[in-house]
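Counting in the numbering used here, the sequence shown runs from 753 upward without gaps.
Beta carbons are placed, not taken as given, at the ideal position from N, Cα and C, and that holds for glycine.
I have placed the structure first, in the form of structure tokens, so that the comments after it can refer back to it.
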Amino acid sequence: MEKTAVKKNEVPGRRLVDLVLSWSIEDVRNEDLYKNQKNGGYEPMVGDIIALTNVRPKYKDFDRPNRPFLVAFVQRVKDDNILTILASKPILAEERENKKRETLYATCLINMTTNIRIWRALHSQLEGKNLDIIGKVLQPNSAAAKICTSCISENNCSTTYADVRSRISSSDLNDSQKAAVLSCLETRKCNHQNTVKLIWGPPGTGKTKTVGYLLLYLLRMKCRTLTCAPTNTAVLEVTQRLLKNVTDSPEYDTYGLGDILLFGNGERMKIGDRHDLLDVFLDNRVTILYECLLSSTGWKDTLLSMITLLNEPKQQYHLYLKNRRVEDHEEIINEGKSKNKEMDRNQGKEVDDQSSKDKKSKKNRKKVITQTLNENKNKKRQKEKVPSWNEKGLEHEEKQREDSSSQDKKNEGQVANECDNPLTFVEFVQKRFKCISKRMTFFMENLYTHLPTSFISLEVVKKMIKALDLLKSLETLLCAVSVTDKGLLEKVFRKNVGSGLGHLRELSIVRNECLLILRSLPQKFHVPNFENEYAIKKFCLQNSCLIFCTVSSSAKVHEVKTDLELLVIDEAAQLKECESTIPLQLPGLRHAILIGDERQLPAMVQSKISEKAEIGRSLFQRLVLMGHKKHLLNVQHRMHPSISLFPNRMFYENHILDGHNVKGRSHERHFLQGKMYGSYSFINVAHGKEEFDNSHSLKNMAEAVVASEIVSSLFKESVRTKKKVRVGIISPYKAQVFAIGEKVKKYNADSNDDFSISVRSVDGFQGGEEDVIIISTVRCNKNGIVGFLKNHQRTNVALTRARYCLWILGNEATLTKKNTIWKKLVNDAMKRKCFYNFHEDKGLANPVLSLSKPLASLSLRDELESSSTTNGINSKHTTGRSVVING
């Protein structure tokens, strides 16, 4: 980062943040602190708090008093690598003659965007300032709660609601899920009061499925709803669930998706890799609607071009020939004047044409992300984006086609010959029809996909779908016409065709029917007169029925005047209470539905005093503590009953029932031989050692070795039996996650293969599930200190991720030393005869004994020598490629 010419704006009396500076970015890499950034570098974003130093920083460099640094806030980032910052102190940047400018290095400390939005929400500085729901939260025992009986009565009489109720009753939801959905839909109809509903979704009870069905019925009832979640991952998951419900039974292709909108940072969401979400992603939608409605060769122009071609092809052919003669004449005159004029003679295409195309492309330049989105969308649809067409005739299209042909390695002499000889009438009609038809298809499919249903009627969509079928038939019939059938083809475009023309008569009938349909389609849609992409973006936000984004990003909805009726917050128990005030103040909002489980992980707050100050408490948890009624989803469909037994009793007072699917024999899976590897077991790894790594996180290499040996056996069995198995390894400590990840990275992590493995922290596994889960507790000390393992929420998450098998690795002496949740777990495993010592399997014991620093004592060796026959699991397998590691 080098200093550029800067205006000094120091104001007397101000100490911090008193300068606005501009910087030219050349190198802001920091390999130690930002290894996960692209190319090892840091790319500034608006809202970043950065530290500026004149020495390349390394870990903990900021603690050194002899190396001062400045703190700055990134206000603006431009495309030309210029950013504007607010600095904590004045920075002089005068350049001296014959001296190089000083280089500064930037390191990101934190991004403040979400915190700024929270601050504005808490101070009612967001647009709208709707405090109705927040007032209801602050006064939950309001007298208005008795008014809703009339609303419920009116709701039950509604035809739409009756149809929805019937659909819900016949769905595959269980009784508690159906009751939750119906309760929320009834709440939506109440106009007398503002309500907050809580849906309590313990692990495996189908929380996401319930939300997906709820949103589907809200969509059918045209209820304008904003759906939020704390993270991008959670937002994408609930959006995918809804789209699956919508697309499972499409009535008219993708019509209706225009009522669904997902927005956010496409790069962070990795939206380019999620083809199923491109149809509803805002940036992609804006780019496509711009092409359809604002480009010079958009929908109206292409529709008229197709009608003209089908109506007067002979006239169009004469215009084509005339344009060729004029261009050939001009080319002969200009050839002597400009010998250096660049031309692609093999393709007959001048660089001037390309230059004009480039200017047009620059004028309509889109962001890199949207270009990528378009490319991915075209791959998804397996359709090539149609070339542009203009009124000069087919010449431009012919040259573009020849350009593409050369890329496909066609014979250059053949292409040149085509340019020298004009197309015949039949060739002209065939090629031009094919070109315009591609663009027509592109426009029709995208218009009924991306326009809200209130702006494109079902009647128009039916006509478009019929027109698409007719265009395909017409193209097939035209391709079957011989080049020598000029006279016969001319007859096709007359009103009356004789009965002896065979397929040409059929072509004439299809052509007339296609013309009739195309003429009935609107040339313009009743949308506002858009001036730019921002106007289209605003239009989409104002007219979508269901909007999806993170809770923080919902601040952008405040900037657009849009009246929403309902707010749905998924994973609400993971959301800080202060952050939930951002969407709760949206104008027009009457009701809120919070879905979550306060007995799983709360919001992540990086503060030592957060627990005492309850900074991480969610609104969901606050309402529960106040006695707010919550609707329990009480049937779990994930875990084998032996896995769900302990967490159900310990965390949910046995209120959770096991579904029929998990109680059946099909849910009884044995991936390895031996009782130790049944559905549920605690494996005592004694004589291990907990130790700190360089980042002051704990690891236990004995447990890491045991976990890797079990994975090796699972991989071997998967290869032998050719059965699919998904394995997850969970540890509360990042150092252990890394240590185990290094040992198992040789096994294949590709989810498309039969064997996959994922190693993550407890926090990283919330919301996830795998066939087999191995938990490494790490702690091994004489004092019985278990650290944050004693946290019930973290323990609950770790114990409820497995479908078929849960194997827990831990030191029995340490975990039972003090009266924690883990003492109860170990004692429970002993009572249920699910407790095993790792050395009962020599396949696990031998590798532990062979560690470079032996962790086993002589007594253990003697015990091993006298132990009974093992299960014989002692093989190592080195085949494989990679592993997912997410600390």
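Continuous alpha helix (DSSP H) stretch holding threonine 1552: start and end: Careful: threonine 1552 lies outside any alpha helix (DSSP H) and carries neither H nor E.
Pair within 9 Å by beta-carbon distance, valine 998 and cysteine 1292: no
At least three beta-carbon pairs within less than 8 Å, the stretch 1565 to 1577 to the stretch 1412 to 1431: no
C-alpha gap between serine 1611 and lysine 1594, whole angstroms: Unreliable positioning characterises serine 1611 in this predicted model, as indicated by a pLDDT of 41, which lies under 50. The coordinate reading is nonetheless provided below. Each residue's Cα considered, the two are about 16 Å apart.
Supposed contact pair isoleucine 1269 and alanine 1219 - C-beta distance, whole angstroms, cut 8 Å: 5 Å
Buried versus exposed call for alanine 914 [16 or more other C-beta atoms within 10 Å across all chains shown]: exposed
Element boundaries [alpha helix (DSSP H), containing glutamate 1522]: That residue, glutamate 1522, is in no alpha helix (DSSP H); its beta strand (DSSP E) goes 1522 to 1528.
Residues bridged to threonine 859 (per DSSP): Ala803
is_contact[valine 948, chain B] using C-beta, thresh 9 Å: No chain B appears in the structure shown, which is made up of a single protein chain.
Whole runs of the beta strand (DSSP E) within the stretch 1529 to 1594, excluding any shorter than 3 residues: 1554 to 1562, 1587 to 1589
Residue burial classification, serine 1449 (beta-carbon count within 10 angstroms, cutoff 16): buried
Rounded separation between lysine 1534 and alanine 1565 - CA only: 8 Å
Whole-Å CB distance - leucine 1316 paired with leucine 978, under 8 Å assumed: 5 Å
Cβ pair count under 8 Å reaching 3, the stretch 1538 to 1549 against the stretch 1387 to 1398: no
Host alpha helix (DSSP H) of glutamine 945 (start-end): No alpha helix (DSSP H) holds glutamine 945; DSSP gives it neither H nor E.
Between the CA atoms of glutamine 1358 and serine 1483 - distance to the nearest angstrom: 20 Å
Bridge partners - cysteine 1264, DSSP secondary structure assignment: For clarity, residue 1264 is asparagine in the given sequence; the question names cysteine instead. The partner list for asparagine 1264 (beta bridge, DSSP) is empty, contrary to what the question assumes.
Cβ-heavy atom distance, lysine 1066 to the ligand ATP, below 8 Å: Although the ligand ATP was asked about, the structure shown includes no ligands whatsoever.
Rounded separation between proline 1399 and glycine 1519 - CA only: 16 Å
Alpha helix (DSSP H) segment containing isoleucine 1059, residue limits: 1051 to 1063
Segment contact flag, the stretch 1177 to 1189 with the stretch 1039 to 1050, C-beta cutoff 8 Å, min 3 pairs: no
Glutamate 1455 beta carbon less than 9 Å from that of leucine 1561: yes
Contact under 9 Å by Cβ, valine 1641 with aspartate 1523: The requested residue 1641 does not occur in the structure, where the chain is confined to residues 753 to 1639.
Check whether aspartate 1031 and glycine 1018 have beta carbons under 9 Å apart: no
Distance, isoleucine 1023 Cα to tyrosine 1007 Cα: 21 Å
Backbone CA spacing between leucine 1596 and histidine 1422 [nearest angstrom]: 18 Å
Cβ-based neighbour list, valine 829, same chain, cut-off 7 Å, excluding 5 preceding and 5 following: Pro796, Met797, Val798, Leu835
Endpoints, beta strand (DSSP E) assigned at serine 1483: 1477 to 1483
CB-CB length for lysine 1386 against isoleucine 1408, believed under 8 Å: According to the sequence as given, residue 1386 is asparagine; it is not lysine. With a Cβ gap of about 6 Å, asparagine 1386 and isoleucine 1408 count as contacting.
Which of helix, strand or coil DSSP assigns to aspartate 1028: helix
Bridge-paired residues (DSSP) for serine 876: DSSP, once it has assigned bridges, lists no residue as partnering serine 876.
N- and C-terminal bounds of the beta strand (DSSP E) containing tyrosine 1432: 1432 to 1436
Integer-rounded CB distance, given that phenylalanine 825 should sit under 8 Å from leucine 838: 4 Å
Range of the contiguous beta strand (DSSP E) that encloses glycine 1368: Per DSSP, glycine 1368 belongs to no beta strand (DSSP E) and is neither H nor E.
Segments of 4+ residues assigned as alpha helix (DSSP H) that fall wholly inside the stretch 1258 to 1336: 1285 to 1295, 1307 to 1310, 1329 to 1336
Terminal residues of the alpha helix (DSSP H) in which isoleucine 1023 lies: Looking at the DSSP string, isoleucine 1023 is not in any alpha helix (DSSP H), and its letter there is neither H nor E.
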